[in-house]
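A.B. asks:
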Amino acid sequence: MLKDITIGQYFQGDSFIHRLDARTKILIAIAFIVSIFIADSFIGFGILTAFLVLVIAVSGIGFKPVIKSLKPILFLVAFTGLINLFFTQGEVLVKIWVIKITKEGLVAAAKMICRIIILVAGTSMLTYTTSPLELTDAIERLLNPLKKIKLPVHELAMMTTIALRFIPTLVEETEKIMNAQRARGADFDSGNIFTRIKALVPVLVPMFISSFRRADDLALAMECRCYNSGVGKTKMTVTKFSHVDLTGAFVAIVFMATAILFRFVF
Amino acid sequence: MTAIEASGLKYVYGVGTPYEMTALDNFDIEIDSGDFVGIIGHTGSGKSTLMQLIDGLIKPAGGTLKIFGEDMFADAKTTARLRKKVGLVFQYPEYQLFEETVEKDIAFGPKNLGLSEDEVYKRVRYAAQITGLPEEYLQKSPFELSGGEKRRAAIAGVIAMRPEIFILDEPTAGLDPKGRDEILARVREYREDTGATVLLVSHSMEDVTKNASKVLVLCHGKKMMYGKVGEVFERSKELLNAGLDLPQITKVFIELKNRGVDVPTSVYTVNQAIEVLGKLSGGGSRA
Ligand SMILES: Nc1ncnc2c1ncn2[C@@H]1O[C@H](COP(=O)(O)OP(=O)(O)OP(=O)(O)O)[C@@H](O)[C@H]1O
Ligand SMILES: [Mg+2]
């Protein structure tokens, strides 16, 4: 269950996708998200999916981790799907008691499900192929202009790095504590929603305590190494845009533009 | 009677990801009821994985595991029933404490077993007594205890479930020598009291030789040796090659032998050493 949470996970590699500058990937990902919402047609979604499949294939990560990243959102997908299905007005197809399914509802539900799946799979690809370090470095550089309006860009980037860095650790630790409590007979998988929430107390309390301990330790370790919010800090590796980025951006733009065009032209 | 019987047991982490890792492979063993087995192996050799399998917390990718002759993974109900016979104390168990008082925390396990309040009360006192926690500590918050006391409270939480198979995964890690001996003495006491089968995972050879009657050596997810303590430590070369340490006293005897003294190298406790050396000097046994 928890093992399926793959946010923040990074799969090392040396593919074309891995070699793209993190800034390029972030910008492509943002454009991708925007185009999912603009391209409001099934053909558009098809084209975006094709793009995604291409990215996954080129990255060499394999489809399994991407499919796995979708597992935790199954509930969300089902929930939004059902809401759209039942609460959209229009031409009634089936009517059972007070529940009626409309043609528009069916279409809206299908579109919503496509959107969420493409969105999550797409953004997962960003973190799968970009190391957290590159990612936050890129965020920092993209946000750099905002320093002028006194936004603490470096601090924000640092916080993001730390948060991303600790997701897998926390997941692992949760898993460990859950197993430890299971060994004492705790049951997390049965009962109604209230018993289940209550069953989580023996996990949450130790997790809170260990998070605070970790935060303390980390702060201390950073101080010991004279961390000073990056004043006068230089980078060990400064990435530059190259022809790889140009190619990548070009391919991405072609796909997304076509996907969006389908909504307006046809 | 056989308490634990495994054949062809296999476990793989991260199936289908680039991080796929076979932690246990083609593992066979038979552990008799009432034995005290020490489990050793280098870091990452699969000890913790094996312990979690025996407690039914994770499902094997292949092979079978029988607890008192019954298949642990036959179906969910059997797993749930058999798991009650097994008690597992994790590495650093103090991190799992969560209740307001030590008493409530120790009672968590027995309560989950569905025991009556009376019985839970009795079990908590019993576990506290075995682990040497004074009565007045029961009303304290577990977070006020010292590290060693926390460890004891956590172990008490498992003892209170009165497991027939009692597993401890490195229970002495991070404790001082006195604390280690204390905890292990408590474990021995529990075993003598209940006749439970005990599995003790440890990186300390001394912990193993002082307590266990048999030793299981794991190496890269495979069983390397299983036998009486003396038999295993006799094969010192293989152990060293597997990245393991030997008991200090065994090292002394190997060195003696290397220097031409005619002594056996299967000595692993100080008492044995005294006996052997006594014979050597012709003075007979002092022990
Ligand atoms: N949750 C996990 N996810 C992925 N791999 C794991 C996980 N837990 C253990 N492993 C891997 O499985 C192998 C066996 O791990 P295990 O924890 O059983 O070793 P161990 O013998 O208990 O080691 P140690 O002495 O350090 O406690 C290791 O190589 C480890 O990296
Ligand atoms: Mg371990």
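Residue numbers (the numbering used here), protein chains in the order written: chain A, 2 to 267; chain U, 399 to 685.
From the three backbone atoms N, C-alpha and C, an ideal C-beta is built for every residue, glycine too.
1. Using a Cβ-Cβ cutoff of less than 8 Å, which residues in the same chain neighbour A:Leu134 once the five nearest sequence positions on both sides are dropped?
2. For the beta strand (DSSP E) holding U:Ser405, just list the boundary residues, first then last.
3. Determine, using beta carbons only, whether U:Tyr493 comes closer than 8 Å to chain A.
4. Is it the case that the CB of U:Ser600 approaches a heavy atom of ligand 2 more closely than 7 Å?
5. Let's test the definition: count the other Cβ atoms within 10 Å of the Cβ of A:Lys149 and tell me whether it reaches 16, buried, or not, exposed.
6. For A:Phe242 and A:Asp22, which I take to be in contact (beta-carbon distance under 8 Å), what is that distance rounded to the nearest angstrom?
7. Using DSSP bridges, identify the partner residues of A:Cys227.
8. By the criterion of Cβ-Cβ separation under 8 Å, what are the contact partners of U:Phe564 in chain A?
9. Can you pull out the residues from the segment 466 to 489 of chain U whose beta carbon lies closer than 9 Å to at least one beta carbon of chain A?
10. Just how far apart, CA to CA, sit A:Ala268 and A:Ile18?
11. Decide if A:Phe256 is buried, meaning its Cβ has at least 16 other Cβ atoms within 10 Å, or exposed.
12. Measuring alpha carbon to alpha carbon, tell me which of U:Phe425, U:Asp433, U:Asp430 ends up nearest U:Ala443.
13. For the pair the segment 95 to 114 of chain A and the segment 20 to 40 of chain A, tell me if three or more CB-CB distances fall below 8 Å.
14. Express the C-alpha separation of U:Gly530 and U:Val613 in angstroms, rounding to a whole number.
15. For U:Gly572, which residues does DSSP report across the bridge?
16. Are the C-beta of A:Arg20 and some C-beta of chain U separated by less than 8 Å?
17. Any beta carbon from chain A within less than 8 Å of U:Gly442's own beta carbon?
18. Does any CB atom of chain U fall closer than 8 Å to the CB of A:Pro203?
19. Going straight from the alpha carbon of U:Pro540 to that of A:Glu173, what length do you get?
20. Return the Cβ separation of U:Ala594 and U:Glu629 in integer angstroms, given the expectation that the two are a contact with Cβ distance under 8 Å.
21. For U:Gly507, return the contacting residues in chain A, with the cut-off set at a CB-CB distance below 8 Å.
22. My output table needs one value for U:Tyr490: the three-state DSSP class, helix, strand or coil.
23. Taking the alpha-carbon positions, what's the A:Gln1 to A:Leu147 distance?
24. Using a beta-carbon distance below 8 Å, is U:Gln450 in contact with chain A?
25. So, at 7 Å on beta carbons, what are the nonlocal neighbours of U:Glu497 in its own chain, with the 5 sequence-adjacent residues on each side left out?
26. Is the Cβ-Cβ distance between A:Gly186 and U:Asn510 less than 8 Å?
27. Tell me whether U:Gly414 counts as near ligand 1, meaning its Cβ is closer than 7 Å to at least one heavy atom of that ligand.
28. Identify whether A:Ile268 lies in helix, strand or coil by the three-state DSSP scheme.
C.D. replies: With the structure as the only source:
1. Thr162
2. 400 to 411
3. yes
4. no
5. exposed
6. 6 Å
7. Paired residues: none, contrary to the question.
8. The contacting residues do not exist; U:Phe564 stays about 11 Å from chain A at best.
9. Ala478, Arg481, Lys482, Val484, Gly485, Leu486, Val487, Phe488, Gln489
10. Residue 268 of chain A lies beyond the stretch modelled for chain A, which goes from 2 to 267, so this question has no answer here.
11. buried
12. Residue identity differs from the one stated: residue 443 of chain U is Ser in this sequence, not Ala. The option with the nearest alpha carbon to U:Ser443 is U:Phe425.
13. no
14. 27 Å
15. Beta-bridge pairing links U:Gly572 to no other residue.
16. no
17. no
18. yes
19. 24 Å
20. Not quite, the Cβ-Cβ distance comes to about 24 Å (not below 8 Å), so this is no contact.
21. Arg185, Gly186
22. coil
23. Here chain A has residues from 2 to 267 only, and residue 1 of chain A is not among them.
24. yes
25. Asp503, Phe506, Pro540
26. yes
27. no
28. Because chain A is modelled from 2 through 267, residue 268 of chain A falls outside the range shown and cannot be assessed.
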